[in-house]
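Under numbering that gives the first Met the number 0, the sequence shown has 197 at position 198, and the numbering climbs by one with no breaks. Below is one structure, written out as structure tokens; the observations come after it.
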Amino acid sequence: MAIPTNPLKDLDVATTTRDWDKKNLIGLSISALQDEISTIPGVKSYTASQIWRFLYQRGVSTVDEMHNIPKDVKDVLKEKYTISYGRVVSDQVSEVDGTRKLLVGFQDPKAMVESVFIPMNGAKGTQCISSQIGCSLACTFCHTGTQKLMRNLTAGEIIGQYMIPAKDYGDLPLVKNAQRNVNNIVFMGQGEPFYNWRQVNVKQAIEILTDKDGIALPKNRITVSTSGVAPGIAKLAELEGIGLAISLHATNDRLRDEIVPINKVFPIQVLMKACEDYANAMENYNRDSQRITFEYVMLKDVNDSFQEAKALADLLKNIPSHVNLIPFNPWPGSRYTSSPRDHIVGFSRIVENLGVRTTIRWPRGLDVMGACGQLKTSYEQANNTAV
């Protein structure tokens with residue numbers, strides 16, 4: 000198997016909007032927004048901040064909804080810009096646990112990603128967001144790894160995956176001190192977030208999501224998961240307080256090379272050093288961000304021996320960590336089966352008894368192929384609904 004690289008590192012991804020001739024206001028940084036509108040006659044020094052609040056505090060879908068912006072300014076905005084969060088191509092809700100899988104489309108008919116809302120307590124829950132269309136890493140347990148990488152998502156396309164359910168569940172317009180229904184975001188959908196970092200799309204999306212004058216999500220409510228792109232971990236630390244998750248799945252290079260081929264580029268020793276540096280950088284910030292989540296998929300007779308459990312605890316002994324054990328979720332053509340339930344429980348107890356906090360993430364959304372490792376964009380969907 001070829002060693003995975005970042006084929007999009009130099010790709011200039013065009014802004015995706017409903018109208019190719021118009022720029023999407025969603026996803027622009029506040030400084031970029033100020034620059035964009037600075038030449039419009041009648042624009043005041045505070046106009047960009049007004050527009051920003053309409054977009055991210057009110058969740059408006061049209062320029063006409065910006066009621067205190069002068070008409071002449073709105074006319075220019077409507078002529079040159081669009082407001083697009085994406086469109087819902089399909090919407091599947093699990094009859095078992097309420098997990099909701101959205102297929103979100105953009106201007107290009109083939110530009111679609113899956114994004115999953117996982118309810119936790121009543122209506123409240125976590126939105127699992129994609130950062131790329133497809134993936135180049137070819138992790139052997141992951142359905143997305145069988146989908147050819149198409150391109151990076153723009154910051155606006157990433158934010159749209161939050162805005163669509165946030166509007167649908169009543170989080171927008173924002174109400175001061177109100178509890179959010181979409182109260183956590185995890186970058187654990189399709190794609191490798193750190194391979195969409197150089198273009199700043201993921202970074203910019205996070206900065207917009209956490210901006211105090213906009214959506215204002217707390218930083219400790221956002222987690223970025225990587226398959227092991229070690230240099231990206233230091234970049235994430237610069238955002239001070241965003242959670243880190245590592246898609247680990249093995250404790251030695253021989254096995255991890257097979258399951259997570261990016262390990263051939265950034266082997267376990269390099270990855271663990273990057274994690275230690277991250278934890279040290281977060282030491283003075285808060286314990287939540289200092290603690291790193293390590294994801295470990297349970298593959299029967301592959302990585303699930305009790306000896307591996309001991310090796311896992313030993314590997315993480317010097318890192319503030321929490322292990323998520325994930326039963327393998329099947330998908331068409333997969334080569335693996337999940338470890339039995341009682342075996343997973345036994346594996347968990349060993350890791351816990353050796354001093355590493357562990358949670359078993361029992362499957363959510365299996366019946367709609369929305370569980371961990373099952374996401375893969377299906378283009379044979381209809382009924383495109385603009386949002």
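The beta-carbon is built from N, C-alpha and C at its ideal position, and this holds for glycine as well.
Query, Result
"According to DSSP, residues forming a beta bridge with VAL92", "ARG99"
"HIS342, DSSP secondary structure in three states", "helix"
"Simplified DSSP state of PHE53, which is helix, strand or coil", "helix"
"Given 8 Å, three or more beta-carbon pairs between the segment 109–119 and the segment 209–223", "no"
"Alpha carbon of GLY332 to alpha carbon of GLY85, nearest angstrom", "30 Å"
"Residues near ILE349 in its chain [Cβ-Cβ closer than 8 Å; skip 5 each side]", "PHE305, ALA308, LYS309, ALA312"
"Limits of the alpha helix (DSSP H) - the one that ILE157 falls within", "154–167"
"Residues of its chain near ALA229, where Cβ-Cβ distance is below 7 Å and the 5 sequence neighbours each way are ignored", "PHE265, VAL269, LEU270, ALA273"
"Helix, strand or coil at THR38 [DSSP, three-state]", "coil"
"Coil, strand or helix - ASN219 by DSSP", "helix"
"Segments of 4+ residues assigned as alpha helix (DSSP H) that fall wholly inside the segment 230–313", "252–258, 267–280, 286–289"
"Inter-stretch contact (C-beta, 8 Å, three-pair minimum) for the segment 135–142 and the segment 325–342", "yes"
"Beta carbon of ALA154 nearer than 8 Å to that of GLN203", "yes"
"Contacts around ASN120, its chain only, beta-carbon distance under 8 Å, and the 5 residues preceding and following it disregarded", "none"
"Where TRP361 falls, given that 16 or more other Cβ within 10 Å makes a residue buried", "exposed"
"N-terminal and C-terminal residue of the alpha helix (DSSP H) that PHE209 is part of", "The residue you asked about is not Phe; residue 209 is Thr in the sequence shown. Its alpha helix (DSSP H) spans residues 200–209."
"Which of helix, strand or coil DSSP assigns to THR357", "strand"
"Exposure of GLY364, with buried meaning 16 or more beta-carbon neighbours within 10 Å", "For GLY364, the predicted structure reports a pLDDT of 48, less than 50, and the residue's modelled location is therefore unreliable. A value from the coordinates is still provided. Classification of GLY364: buried, given that the 10 Å Cβ count is 16 or more."
"Proximity to ASN302 [Cα-Cα], best of ILE241, VAL95, ASN200, THR336", "THR336"
"Cβ contact (3+ pairs, closer than 8 Å) linking the segment 245–263 and the segment 206–218", "no"
"Three-state secondary structure assigned by DSSP to PRO319", "coil"
"Secondary structure of THR125, DSSP reduced to three states", "strand"
"Endpoints, alpha helix (DSSP H) assigned at VAL75", "70–79"
"SER60 (DSSP reduced to helix, strand or coil)", "coil"
"Nearest residue (CA-CA) to GLN160, options VAL174, GLN146, VAL181", "VAL181"
"For GLN131: DSSP bridge partner residues", "ASN151"
"Neighbourhood of LYS166 by C-beta distance below 7 Å, restricted to the same chain and skipping five residues each side", "GLY58"
"Which of helix, strand or coil DSSP assigns to GLY364", "With a pLDDT of only 48 at GLY364, under 50, the local geometry of the prediction cannot be trusted, and the value read off the model is given with reservation. GLY364: coil per DSSP, three-state reduction."
"7 Å Cβ shell around ILE157 - same chain, five flanking residues per side excluded", "ILE128, SER130, ASN200, VAL201, ALA204"
"Distance between beta carbons of VAL62 and LYS77, contact taken as under 8 Å", "5 Å"
"Rounded C-alpha distance that separates SER226 from LYS43", "45 Å"
"Residue closest to ASP90, alpha-carbon to alpha-carbon, out of TYR80, LEU101, THR81, GLY97", "LEU101"
"Range covered by the beta strand (DSSP E) that runs through GLU113", "111–120"
"Sheet register partners of SER224 (DSSP bridge)", "ALA244"
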